[in-house]
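Trainee: Position 231 (the sequence shown) corresponds to 1027 in our numbering; numbering is contiguous.
From the three backbone atoms N, C-alpha and C, an ideal C-beta is built for every residue, glycine too.
Just so we're clear, the structure is a prediction, and the values are computed from it rather than from any experiment.
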Amino acid sequence: MSPQRIIIWYRNDLRIHDHEPLWTVAKAGAIAIPIYCFDPRQFATTKYGFAKTGAFRAQFLTESVLDLRDRLRQLGSDLIVRYGEPEQILPELAQKLNANANAIYYHQEVTSEETKVEAAIAQDLAATDIKLQAFWGHTLYHRDDLPFSMERIPAIFTKFRKQVEQEATINPALPMPTELISFNDLNDLNEIDAPLDPGEIPSLAQLGLEPIAPDDRAAITFTGGEGAAIARLDQYFWQNDCLRTYKQTRNGMLGADYSSKFSPWLAHGCISPRYIFEQVQKYEQDRVANDSTYWLVFELIWRDYFRFIAAKHGDRLFYKSGLQNLDLPWKKDSTRFAQWCEGKTGFPLIDANMRELAATGFMSNRGRQNVASFLTKNLGIDWRIGAAWFESLLIDYDVCSNWGNWNYSAGVGNDARGFRFFNTTKQARDYDRQGDYAKHWLPELAKIPASKVHEPWLLSPAEQKQYGVRLGVDYPQPIVDLFKSAQANQKLYEMALSHQ
């Protein structure tokens, strides 16, 4: 009896370790037919006029797909790469196999763009004998092991965290397959209409994007792929021993090792959260268990929470009124929005972070909270435009975490604290005390002493001359009054709450 033929549809799970579809095929001795589709819709322009996937993430993605292909080849298989819509390509591939494909395995997604594609493929295959089987593999805790149904996911993170920590278990990461049966055997046996051509990985230009040059100011150069992901973990945990101080350093903004920076690889599925968890456990056994080792797992639980919340609420995640259904009079001020995007607000912490994002596709978590607060609580601009800008630029864009965090920052998400305003000047003093980060990205402020750099608008004409910066010329005046703008938007927020 000939082995089964299983198509493995890769999306945001670009790895071979802890990959249940691949592991299941290998365990069964079936022929794996892995495929990745570059979906043109992911490289289109959003309704806000931004590239849905910008060059930073596209570069990381193509590197990740190339790495996956290399790893599959080492196991005796390969990766088929196509450009087009999966709901067209996968049924066509199944037909090319003379209907000898037994199933399509894939990791399930939770947001509507992705689930609509899953539904379209299911509809196309309904009249065939080909089974479409979904697996759950993006989270630390498996959906089936949660102590509550998806509909009853707690609204507040702390309640969610405490319950899963007390009542749920984390399953072991699945091992890497050691060998795969090559689908090239089908070519040799003449069991298909025509040989399965692996195909070429598209260049950025073919995806409609300009190639990017690395910026030497970047804290770290992100390279896509499972190999780079595992190497980063090895460096951060074992070589540099940074995990032991993670909780103390995680709010930093300048440098490679203040945080793990696993997020781009997690977002593309190049590394599994369960693999990271097991490495934390090993670190705790071999070196130290402390608040820092716990806190890295704590952040993985946050990531789980946003995915489960997205699964629970569906498209409400993307509504202007957010998860709270709060009707706020958001603005669409293109001039102020452009100043925010370009890092020209007159507030150094905001501007440095936005310039880092534009130059590198990355920004610290502390930075993201501050710039999101400024856009929504000070400028009063529609939070969805900010979320779409992040989607376009971020290397580590994850639909659930990005839109969930923007809901939270805008005050329309699951946030018991309501109107939470970040005092960016205080934040700058707390997290960039010497002004090193601000000066790194805003060289026009380089000569201003640390005590004055975060409030350049207070410089006298003599000081401006002394430090070589002319306000309104070399560096902008603040585009809003920090406190008056927040107070005005808080009144609008409280009024909207009163009408709920």
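So for Phe846, helix, strand or coil by DSSP?
Mentor: Numbered from 1 along the sequence shown, position 50 holds the residue referred to as residue 846. Here Phe846 carries a coil assignment [DSSP, helix/strand/coil].
Trainee: For Gln800, which residues in the same chain have their Cβ closer than 6 angstroms to its Cβ, ignoring the five residues on either side in sequence?
Mentor: One-based indexing of the sequence shown puts residue 800 at position 4. Excluding positions up to five away in sequence, the list reads Ala826, Asn898.
Trainee: Just to confirm, are Phe852 and Leu1003 a CB contact at a threshold of 8 angstroms?
Mentor: In the sequence shown, the residue the question calls residue 852 occupies position 56. In the sequence shown, the residue the question calls residue 1003 occupies position 207. Result no, Cβ atoms of Phe852 and Leu1003 do not sit closer than 8 angstroms.
Trainee: Could you tell me which residues DSSP puts in a beta bridge with His903?
Mentor: Numbered from 1 along the sequence shown, position 107 holds the residue referred to as residue 903. Under DSSP, the beta-bridge partners assigned to His903 are Phe931.
Trainee: Kindly list the residues whose CB is nearer than 8 angstroms to the CB of Ser978, restricted to its own chain and excluding five residues on each side of it in sequence; keep chain order.
Mentor: Taking the first residue of the sequence shown as position 1, residue 978 is located at position 182. Closer than 8 angstroms at Cβ, skipping near neighbours: Ile827, Gly872, Ser873, Asp874.
Trainee: Return the CA-CA distance between Tyr1263 and Pro968, expressed in angstroms with no decimal places.
Mentor: If you number the sequence shown from 1, residue 1263 lands on position 467. If you number the sequence shown from 1, residue 968 lands on position 172. Rounded to the nearest angstrom, the gap between the Cα atoms of Tyr1263 and Pro968 is 57 angstroms.
Trainee: Classify Ala828 as helix, strand or coil using the three-state DSSP reduction.
Mentor: If you number the sequence shown from 1, residue 828 lands on position 32. Looking at Ala828 - three-state DSSP - the assignment turns out to be strand.
Trainee: I'd like to confirm the pairing. Which residues does DSSP put opposite Val877 in its beta bridges?
Mentor: For the purposes of this step, residue 877 is taken as the residue at position 81 of the sequence shown. DSSP output for Val877 lists Tyr832 as bridge partner(s).
Trainee: Leaving aside the five residues before and after Gly1231 along the sequence, list all residues of the same chain whose C-beta is less than 6 angstroms from its C-beta, in chain order.
Mentor: For the purposes of this step, residue 1231 is taken as residue 435 along the sequence shown, with counting starting at 1. Counting only residues of its own chain and dropping the five nearest sequence neighbours on each side, Gly1231 has a CB closer than 6 angstroms to the CB of Ala1246, Val1249.
Trainee: Short of 6 angstroms in beta carbon distance, which residues of its chain neighbour Gln1135, apart from the five on each side in sequence? Order them along the chain.
Mentor: By 1-based counting over the sequence shown, the position of residue 1135 is 339. Excluding residues within five positions, the ones whose Cβ falls inside 6 angstroms are Thr1141, Ile1275.
Trainee: Excluding the 5 residues preceding and the 5 following Gln1075 in the sequence, name in chain order all residues of the same chain whose CB lies nearer than 7 angstroms to its CB.
Mentor: Walking along the sequence shown from the start, residue 1075 turns up at place 279. Excluding residues within five positions, the ones whose Cβ falls inside 7 angstroms are Leu1029, Phe1033.
Trainee: Using three-state DSSP, classify Leu1267 as helix, strand or coil.
Mentor: Position 471 of the sequence shown, counting from 1, holds the residue named residue 1267. If DSSP states are grouped into helix, strand and coil, Leu1267 belongs with the strands.
Trainee: Quick one: using the 10 Å Cβ neighbour count with 16 as the cut-off for buried, is Val1208 buried or exposed?
Mentor: Looking up residue 1208 in the sequence shown gives position 412. The residue is buried, with at least 16 neighbouring Cβ atoms inside 10 Å.
Trainee: For the segment 1053-1067 against the segment 856-863, are there 3 or more C-beta pairs whose distance is under 8 angstroms?
Mentor: Touching, yes, given that three or more Cβ pairs across the two stretches are closer than 8 angstroms.
Trainee: Could you pull the DSSP bridge partners for Trp805 from this structure?
Mentor: Within the sequence shown, residue 805 is the residue found at index 9, counting from 1. Answer by DSSP bridge pairing, in chain order: Ile831, Tyr902.
Trainee: On the premise that Phe1133 lies in contact with Lys1173, defined as a C-beta separation below 8 angstroms, what is that separation, rounded to the nearest angstrom?
Mentor: Numbered from its first residue, the sequence shown carries residue 1173 at position 377. Numbered from its first residue, the sequence shown carries residue 1133 at position 337. 15 angstroms between Cβ atoms; not a contact.
Trainee: Evaluate contact between the segment 1080-1092 and the segment 1037-1052, counting only Cβ atoms and requiring at least three cross-stretch pairs below 8 angstroms.
Mentor: yes
Trainee: Could you pull the DSSP bridge partners for Thr841 from this structure?
Mentor: Taking the sequence shown and counting its residues from 1, the one referred to as residue 841 is at position 45. Per DSSP, Ala847.
Trainee: Which of the three DSSP states is assigned to Lys1261 in this structure?
Mentor: The residue labelled residue 1261 in the question sits at position 465 within the sequence shown. It is helical.
Trainee: For Glu1187 and Leu1000, what's the separation of their Cα atoms in angstroms?
Mentor: Position 391 of the sequence shown, counting from 1, holds the residue named residue 1187. Position 204 of the sequence shown, counting from 1, holds the residue named residue 1000. Using only the alpha carbons, I get a separation of about 17 angstroms.
Trainee: Would Ile812 and Ile829 be called neighbours here (beta carbons separated by less than 8 angstroms)?
Mentor: Within the sequence shown, residue 812 is the residue found at index 16, counting from 1. Within the sequence shown, residue 829 is the residue found at index 33, counting from 1. Cβ atoms of Ile812 and Ile829: not closer than 8 angstroms.
Trainee: For Ile1016, collect the residues of the same chain with a Cβ closer than 7 angstroms to its Cβ; drop the 5 residues on either side in sequence, then sort them by chain order.
Mentor: Here the question's residue 1016 lines up with position 220 in the sequence shown. The answer, listed in chain order, is Ala1052, Lys1057.
Trainee: Using DSSP with H/G/I as helix, E/B as strand and the rest coil, what is Ile1026?
Mentor: Along the sequence shown, one-based indexing puts residue 1026 at 230. Of the three classes helix, strand and coil, the one that applies to Ile1026 here is helix, per DSSP.
Trainee: What's the gap between the Cα of Leu1278 and the Cα of Ala1258?
Mentor: Within the sequence shown, the letter at position 482 stands for residue 1278. Within the sequence shown, the letter at position 462 stands for residue 1258. One C-alpha to the other measures close to 25 angstroms.
Trainee: Using a 10 Å radius around the Cβ and a threshold of 16 neighbouring Cβ atoms, would you call Ala822 buried or exposed?
Mentor: As a position in the sequence shown, residue 822 is number 26, starting the count at 1. That one is buried.
Trainee: Is there contact between the segment 1090-1102 and the segment 834-848, where contact requires at least three CB pairs shorter than 8 angstroms?
Mentor: Under the 8 angstroms Cβ criterion, the segment 1090-1102 does not count as touching the segment 834-848, having fewer than three qualifying pairs.
Trainee: Closest to Ser1169 by CA distance: which of Glu1152, Phe1143, Leu1189, Ile1191 is it?
Mentor: Here residue 1169 corresponds to residue number 373 of the sequence shown, with the count starting at 1. Taking only the C-alpha atoms, the option nearest Ser1169 is Phe1143.
Trainee: If we call anything under 8 angstroms between Cβ atoms a contact, is Ala1107 one with Met946?
Mentor: Within the sequence shown, numbered from 1, the residue matching residue 1107 stands at position 311. Within the sequence shown, numbered from 1, the residue matching residue 946 stands at position 150. Against a cut-off of 8 angstroms, the Cβ pair of Met946 and Ala1107 comes out as a contact.
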